[in-house]
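Notes follow once the structure below has been shown.
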Amino acid sequence: MLAVAMIAGPEARAQKASVTARVGVIPIIGTAPLFVAQNEGWLKQGGLDLTVTTFESGPNMIQALASGTIDIYVAGVAPLAVARSKGVDVRVVAATATAENVFVASPKLAKYFTPGTSHAAAFKNYRAAEGKPARLATQPAGSVPNTTLQYWLWEQAKADKADVEIVPMGIDATQQATLAGAVEGATIREPAVTIVQGRNPGIKLVALGDEMFPGQPGTVVAVSGAFLDKNPDAVQALVSGLVKAADLLAKTPDRAVPPLEAALGKGIVDSETIRKALSSPATKFQIDPRTIIESSRLMQAYQVKLGSLDKELPFEGLFEPRFYERATKSN
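In the UniProt record's numbering, the protein residues as written are 1 to 331.
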């Protein structure tokens with residue numbers, strides 16, 4: 001018995017008690033590191049089990065985070081500033097992707113974006129010819145897509161506000177509206193970019209993410225303060241798994257296709273579309289949360305200018321890079 005105990009002891013000590021975490025995600029390629037880490041078994045090995053719920057936008061997910069319905073938030077960084085302003089204790093432990101949001105134009109609008117024509121002039125020419133502003137779909141106010149679109153329109157392109165109409169809607173609705181021609185343009189992310197251009201080659205990619213908002217922060221992984229304080233080892237397992245997943249996505253992206261097709265495709269998006277989306281210029285995986293702190297600060301300042309935030313909030317305590325730093329050392 002003593003011999004058995006001595007043999008089994010180290011293994012038993014190595015096993016970690018399983019922690020179940022409720023995760024909210026939006027269905028985009030930027031969440032790929034999470035699903036890859038889960039599929040490879042790295043999270044379970046670290047004692048973390050996930051139950052995943054899909055949301056249409058980050059702002060919608062904030063309600064679930066505030067009510068305690070989810071423990072982990074995987075979506076855009078911008079809504080987290082709003083959450084913190086309302087007393088929600090949430091910490092960003094990792095990024096997953098940057099520069100995700102791009103602008104596409106429907107065939108009706110795309111013909112005005114010609115070589116030598118400024119973006120502002122293209123919108124102006126559209127309104128002059130059609131007698132109405134171009135309708136542009138994006139997610140709700142306070143989201144990264146909405147903030148990015150407005151920054152690009154007013155600060156980068158210097159468009160006239162009379163020439164465009166911003167139409168907030170969910171992710172799926174934005175994709176469908178773009179394909180149906182119900183809007184003339186949209187901010188979308190992969191795999192929607194690959195999907196809409198595949199179904200209608202006349203849809204034009206006008207502006208990439210960093211052009212729309214330099215250093216555009218994108219999807220992040222944030223955890224509730226209560227979950228982090230109670231389960232630091234589980235959070236470490238999560239971030240360590242994301243680091244490994246990003247490496248896999250960079251070196252062997254084809255291996256990531258099946259789990260992403262299962263998680264994001266739902267029988268609608270095929271593996272070839274997922275494969276193309278992974279190699280898209282709109283796909284840039286980045287796990288280090290330190291790389292987006294300054295751009296997130298600038299995005300928050302712009303949210304104040306837009307009125308989606310009352311005032312700038314201190315960033316102290318929002319980002320927790322120690323888990324990433326520990327993961328990169330151990331990996």
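Backbone N, C-alpha and C fix where the C-beta goes; we use that ideal spot for every residue, glycine too. Because the structure is a prediction, the values reported are computed rather than measured.
Item: Endpoints, the alpha helix (DSSP H) within which D233 is located; Value: 232-251
Item: The segment 212-225 contacting the segment 92-111, beta-carbon criterion three pairs below 8 angstroms; Value: yes
Item: Proximity winner among A162, G47, S224, relative to A66 (alpha-carbon distances); Value: S224
Item: Collapsed DSSP secondary structure at P217 in the structure displayed; Value: strand
Item: As assigned by DSSP and simplified to three states, the class of V93; Value: strand
Item: Exposure label - T273; buried when at least 16 CB within 10 Å; Value: buried
Item: Cα-Cα separation between Q150 and P321, rounded to whole angstroms; Value: 29 angstroms
Item: Sub-8 angstroms separation of V82 and V144 beta-carbons; Value: no
Item: Span of the beta strand (DSSP E) around T283; Value: Counting along the chain, T283 falls outside any beta strand (DSSP E), and DSSP gives it neither H nor E.
Item: Nearest-angstrom Cβ-Cβ length linking I72 and T53, presumed shorter than 8 angstroms; Value: In fact, because the Cβ distance is near 10 angstroms, the residues do not count as touching under 8 angstroms.
Item: Residues of its chain near L228, where Cβ-Cβ distance is below 6 angstroms and the 5 sequence neighbours each way are ignored; Value: R91, V235
Item: Three-way DSSP call (helix, strand, coil) for Y112 in this model; Value: coil
Item: Whole-angstrom C-beta distance between A177 and residue 335, which should lie under 8 angstroms; Value: Since the displayed the chain opens at 1 and closes at 331, residue 335 lies outside it and no answer follows.
Item: A105 versus K204, V257, D310, K230, residue with shortest Cα-Cα distance; Value: K204
Item: Close-in-space but distant-in-sequence residues of the same chain around D288 (CB under 7 angstroms, 5 per side omitted); Value: A95, Y324
Item: Unbroken beta strand (DSSP E) run spanning F123, endpoints; Value: Element bounds for F123: not the beta strand (DSSP E) but the alpha helix (DSSP H), 119-130.
Item: Exposure of G41, with buried meaning 16 or more beta-carbon neighbours within 10 Å; Value: exposed
Item: Burial state of T251 (16 or more Cβ within 10 Å); Value: A small fix is needed here, since residue 251 is Lys in this sequence, not Thr. Looking at its Cβ environment, which holds fewer than 16 other Cβ atoms inside 10 Å, K251 is exposed.
Item: Outcome for D254 when other beta-carbon atoms lying within 10 angstroms are tallied against a minimum of 16; Value: exposed
Item: Cutoff 6 angstroms; reference Y112; Cβ partners in own chain excluding five residues on either side; Value: A122, N125, Y126
Item: Distance between E211 and E155 (C-alpha atoms, nearest Å); Value: 11 angstroms
Item: 8 angstroms Cβ cutoff met for V269 and P191; Value: yes
Item: Rounded Cβ spacing between L306 and T174 (contact assumed at less than 8 angstroms); Value: So it is not a contact: roughly 19 angstroms between Cβ atoms.
Item: Beta-bridge pairing of L48 - partner residues as DSSP gives them; Value: V19
Item: Beta strand (DSSP E) segment containing F103, residue limits; Value: 102-105
Item: Terminal residues of the beta strand (DSSP E) in which A256 lies; Value: It is not in any beta strand (DSSP E) - A256 carries neither H nor E in the DSSP assignment.
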